[in-house]
């Protein structure tokens, strides 16, 4: 089954304790991305990756790191979490734009990770 | 001004009703347009792409007006299972971040018996 998986699904942690949220896709997608979703603000992109070893900042990258050592995995790292990073996080993946006409583009989302930082 | 704006609702409608959602986007270079559906804080899932000529998928009809930078979604004969949040989504052209999706806040629909 084609899917994007995230772990953990729920996490409660304390300020300053480093954590990693894993993301994996089995569709051989080049593009992967992390979003956070907050009430009233919608989904906002944190970081993205166009392919292995190619990552770049999205709209709200402060306080986050990512890596893309393998095509299927794109972990999100919070080196020193703070309460303002309490949010619902989604990982997503898609084929590279060049391989599809624009109107067939689809981005697949993982089930989400609900993070609370106290 | 937000790049993609939607009326958050909620829209409360009876079963069988026809309901329309509207969305405006600010970047005229936007390339692709979509409606995603999100159930109760689960992951967003693609409902349908929006084509320039308008398109229909069963009870759902999407329209795009590039001149007015306006997108709409029409749901006919609403079902209880249509209750969800509908996200208007835009993808821009000309950026190196070719997969970046810009989301509206979403419009919540509650269909009641």
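Chains as they are written, first to last, in this note's numbering: chain A, 1 to 118; chain B, 119 to 231. We put the beta carbon where it would ideally sit given N, CA and C, even for glycine.
Next item on the list: For the segment 130 to 167 of chain B, list the beta strand (DSSP E) runs that are entirely contained and at least 3 residues long, ordered along the chain.
Entry: Taking only runs of at least 3 residues, the beta strand (DSSP E) segments lying wholly in the segment 130 to 167 of chain B are 137 to 143, 148 to 156.
Note to self: Among 124(B), 119(B), 152(B), whose alpha-carbon lies nearest the alpha-carbon of residue 207(B)?
What the structure shows: It is 152(B).
Checklist line | Length at least 3, wholly inside the segment 165 to 227 of chain B: the beta strand (DSSP E) runs in chain order | finding: Taking 3 residues as the shortest admissible run, the segment 165 to 227 of chain B contains the following complete beta strand (DSSP E) segments, listed from N- to C-terminal end: 173 to 175, 178 to 183, 188 to 193, 202 to 210, 219 to 221.
Next item on the list: May I have the straight-line CA-CA distance separating residue 139(B) from residue 23(A), to the nearest angstrom?
Entry: Cα-Cα distance, rounded: 32 angstroms.
Margin query: One question on the structure: do residue 45(A) and residue 63(A) come within less than 7 angstroms of each other, judged by their Cβ atoms?
Written below: Contact: no.
Check: Taking DSSP as the reference, what is the three-state secondary structure of residue 104(A)?
Finding: In this structure, residue 104(A) counts as helix in the three-state DSSP scheme.
Margin query: Taking the straight line between their C-alpha atoms, what separation do you get for residue 205(B) and residue 40(A)?
Written below: So the alpha carbons of these two residues sit roughly 13 angstroms apart.
Checklist line | Rounded straight-line distance, which links the Cα of residue 194(B) to that of residue 77(A) | finding: Looking at the backbone, the Cα of residue 77(A) and that of residue 194(B) are separated by about 44 angstroms.
Notebook entry, point to check: If you check the beta carbons only, do residue 51(A) and residue 30(A) fall under 7 angstroms apart?
Noted result: With contacts defined as CB atoms closer than 7 angstroms, residue 51(A) and residue 30(A) qualify as a contacting pair.
Note to self: For a test of the three-state rule: what should DSSP assign to residue 37(A), helix, strand or coil?
What the structure shows: When secondary structure is reduced to three states using DSSP, residue 37(A) falls in the strand class.
Next item on the list: Over the uninterrupted beta strand (DSSP E) stretch that includes residue 42(A), give me the two end residues.
Entry: Start and end: 42 to 51.
Item checked: residue 200(B) burial status per 10 Å Cβ neighbour count (16 or more: buried) -> Per the 10 Å Cβ criterion, buried.
Next item on the list: Starting from the C-beta of residue 175(B), find all residues in its chain whose C-beta is less than 6 angstroms away, skip the five residues before and the five after it, and write them out in chain order.
Entry: Hits under 6 angstroms: 166.
Checklist line | Against chain B: residues of the segment 55 to 84 of chain A by CB proximity under 9 angstroms | finding: With the criterion set as a beta carbon lying under 9 angstroms from some beta carbon of chain B, the members of the segment 55 to 84 of chain A are 56, 58, 59, in sequence order.
Notebook entry, point to check: In chain D, which residues lie less than 9 angstroms from residue 228(B) when you measure between Cβ atoms?
Noted result: The chain inventory of the structure shown lacks chain D, comprising the protein chains A and B.
Next item on the list: Mind listing the chain B neighbours of residue 33(A)? Cutoff is C-beta to C-beta under 7 angstroms, in chain order.
Entry: Close partners of residue 33(A) in chain B (Cβ separation under 7 angstroms): 217.
Margin query: Buried or exposed for residue 158(B), going by 16 or more other Cβ atoms inside 10 Å?
Written below: Flag for residue 158(B) reads exposed.
Next item on the list: Would you list, in chain order, the members of the segment 155 to 167 of chain B that have their beta-carbon closer than 8 angstroms to a beta-carbon of chain A?
Entry: Residues passing the 8 angstroms Cβ filter: 159, 160, 161, 162, 163, 164, 167.
Check: Is it true that the CB of residue 112(A) sits closer than 7 angstroms to the CB of residue 161(B)?
Finding: Yes, the pair counts as a contact, with Cβ atoms nearer than the cut-off.
Check: Name the chain A residues that come within less than 7 angstroms of residue 221(B), Cβ to Cβ?
Finding: Residues of chain A passing the Cβ test: 42, 43.
Next item on the list: Look at the alpha carbon of residue 117(A) and the alpha carbon of residue 79(A), and state the distance between them as a whole number of angstroms.
Entry: If I take the Cα positions, the gap works out to 13 angstroms.
Notebook entry, point to check: Using the C-alpha atoms, what's the distance from residue 21(A) back to residue 105(A)?
Noted result: So the two alpha carbons sit approximately 26 angstroms from each other.
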